[in-house]
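Residue numbers (the numbering used here), protein chains in the order written: chain A, 5 to 350; chain B, 4 to 334. In this text, a Cβ means the ideal position worked out from N, Cα and C, and glycines have one as well. Notes follow once the structure below has been shown.
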């Protein structure tokens, strides 16, 4: 009994030791509701938002929804009760969070949509690269690769999606297939990697490369899926360049694969700029001041603010990374935090 | 029914999952384009390696009348441990050993140690502290996955040391060595379960723990050992997982627990304990991998694959239930 009691207290002590309260004086507390911490883009977004918002005087508290819609809804309800300066939301589900956003806005708490655009209800601000647009950029790159190989846009593409329950991957698919529809000589095989799990992607590639040995390009919707895809290709006796590879989100693992010659293109989401844009406008968001449409310089990137039906929206274009520009420190996948400090927009 | 036809029927029932597997392979070979080829069959066996090894540990504990929900997270933590120690990119520390092949036993030992340690903790709380196995291992499922996230910081490790990756690339008779390792595990543990006192006692405990105790068998020791083995075997699955994906991500192995349960049940292991054989579990794992491969090749809309996967698994379990009903009528 004593041992069990000691064990219980030991576990509690460890849990308490992990709680690190912050006492600094700030302009206010901003809650960031991150959908998951199981991928590098999301963990990167936490540190980027914390860094940039601290530069403009805000304290960030992050809550992880573990990719569960109902968890994020509960988090929204809890955070509304705490009356923070603002809520930054990267929604697990684009539609299910609509009532929570409306509740927060009605309570006078501005909600910022980060990375995942919600157009069905107004928000205080939206900062996105545009998931459909990522699909567009990927399609342009696929066209280039296939033209380079055949002199025309034709061939076979294996598209490894993320979890089919995640609108993020479905939007990329939508953008990609919309642009590729103009090329009837391209056959696209789309298979989902359940739960964005890497070994599922590896199995898909292993199966498809046997049943469709003429696959020209493997397009994975996240860089960590490409790592497992490479492992499967390697196990099948393929060498870098035998099959074109492309992925999206710009994670460090994707950039490493470009350097090793396995990956030809990584479509980057401009993580730092997306986070910096939120920080630049946070004073106006909290003050509920007008955000003027127009072009803004965000960490050296040209970003455009437009007034949409769902509120002010800043869109920062995604970039295609290849072997020629892979070492550019501006890409978040190189994990070199920008040295420029962000200033609030007057 | 004549004794001969009864014997034949019992043989079919004893090995029903293998017959179902055969039927499914024939069906998919006839109906799914490009399914019928050696490369695809090799893929099925390869894809079964991680899930198969994980299912062994789970099956042993279930046969003993208990439960281990932590095997998936344990495998993930072991994979992350191997990734952090022996990967050269991402969060990998790229530990170099001389000669290089030492990385193989070192990484394997690390994976087994991590798994064994968590298995021992589970065993202690369940066997010594008499806590409920479902709750204890559910807690482990959660906190161990949390530890994976804490250790990795949400980042991934990739580019596993070539000496370790060799097991995933090198082939013997068309199959990667990882698949042979899984087959070897099934052979060894099938022997242990069927032919050793430990295995027989495990089945007896699952059938009636009190009666086994009264028969003078050291129940607690055997149960403790079964949890340590389940943890270690899950660690081995994690080692194979890291090899298969050439590293580790924080969500590696997510969803495998439920597939492992499905494989164990399809393989004929009773969730009540005391009944089950490991060859049947391997057939269950192969069956799931065959279904998965067929779905991969069928080009179905992404949004409907999970439904089809679930329904096909349900059909397999229903056939197994039918088997039990027929067997009862034979008695």
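- Neighbours of residue 296/B in chain A, taken as residues at a C-beta separation under 8 Å, are given in chain order as 207, 211.
- The continuous beta strand (DSSP E) containing residue 308/A extends over residues 305-312.
- In this structure, the beta-carbon distance from residue 250/B to residue 114/B does not fall below 8 Å.
- Only residues of its own chain outside the window of five on either side were considered, and among them 88, 89 have a CB closer than 7 Å to the CB of residue 98/B, listed in chain order.
- Just measuring C-alpha positions, the residue of 153/B, 204/B, 282/B sitting nearest residue 193/B is 282/B.
- Boundaries of the beta strand (DSSP E) harbouring residue 33/A: 32-38, taken from the DSSP string.
- When the Cα atoms are used, residue 54/A and residue 85/A turn out to be separated by approximately 22 Å.
- Counting the other CB atoms within 10 Å of its CB gives residue 154/A a total below 16, which places it among the exposed residues.
- Annotation: residue 114/A is outside any beta strand (DSSP E) and is labelled neither H nor E by DSSP.
- For residue 195/A, the closest alpha carbon among the candidates 190/B, 300/B, 293/B is that of 300/B.
- Short of 7 Å from the beta carbon of residue 67/B, and not among the five residues preceding or following it, lie these beta carbons of its own chain, in chain order: 205, 208, 209, 226, 229, 276.
- Close to residue 184/B, with beta-carbon spacing below 7 Å, lies no residue of chain A; the smallest spacing is near 14 Å.
- For a Cβ distance threshold of 8 Å, residue set 157, 158, 159 of chain B lies close to residue 44/A, ordered along the chain.
- The three-state secondary structure of residue 145/B, taken from DSSP, is helix.
- Not flagged as an interface residue toward chain A: residue 262/B, since no C-beta distance is shorter than 8 Å.
- Around the beta carbon of residue 189/A, fewer than 16 other beta carbons lie within 10 angstroms, which makes this residue exposed.
- Here the alpha carbon of residue 167/B sits roughly 17 Å from the alpha carbon of residue 159/B.
- Within chain B, the residues 156, 157, 158 have their CB atoms less than 8 Å from the CB of residue 47/A, given in chain order.
- At the C-beta level, residue 307/A and residue 318/A come within 8 Å of one another.
- Think of a sphere of 8 Å around the beta carbon of residue 253/B: the chain A residues whose beta carbon falls inside it are 41, 42, 43, in chain order.
- Taking a beta-carbon distance threshold of 8 Å, residue 250/B counts as an interface residue toward chain A.
- Secondary structure of residue 318/A (DSSP, three-state): strand.
- The beta carbon of residue 66/A sits closer than 6 Å to the beta carbons of 36, 38, 50 from its chain, once the five residues preceding and following it are set aside; these are given in chain order.
- In its chain, beyond the 5 residues on either side, 206 have a beta carbon closer than 6 Å to the beta carbon of residue 235/A.
- In the three-state reduction of the DSSP assignment, residue 249/A falls in the strand class.
- Identification of chain B residues near residue 238/A by a Cβ-Cβ cut-off of 7 Å yields 172, ordered along the chain.
- Between the alpha carbons of residue 169/B and residue 261/B lies a distance of about 29 Å.
- Shown in chain order are the members of the region 82-96 of chain B whose Cβ falls below 8 Å from a Cβ of chain A: 92, 93.
- For residue 228/A, the nearest beta carbon of chain B is closer than 8 Å to its own beta carbon.
- The Cβ atoms of residue 110/A and residue 91/A lie no closer than 8 Å to each other.
- Taking 7 Å as the cut-off between beta carbons, the residues of the region 177-200 of chain A near chain B are 193, 194, 195, 196, 198, 199, 200, in sequence order.
- The DSSP-derived three-state label of residue 103/A is helix.
- DSSP links residue 118/A through a beta bridge to 131/A.
- Closer than 8 Å to the CB of residue 121/B there is not a single CB belonging to chain A.
- Residues of chain A whose Cβ lies closer than 7 Å to the Cβ of residue 129/B do not exist, since the nearest Cβ in that chain is about 12 Å away.
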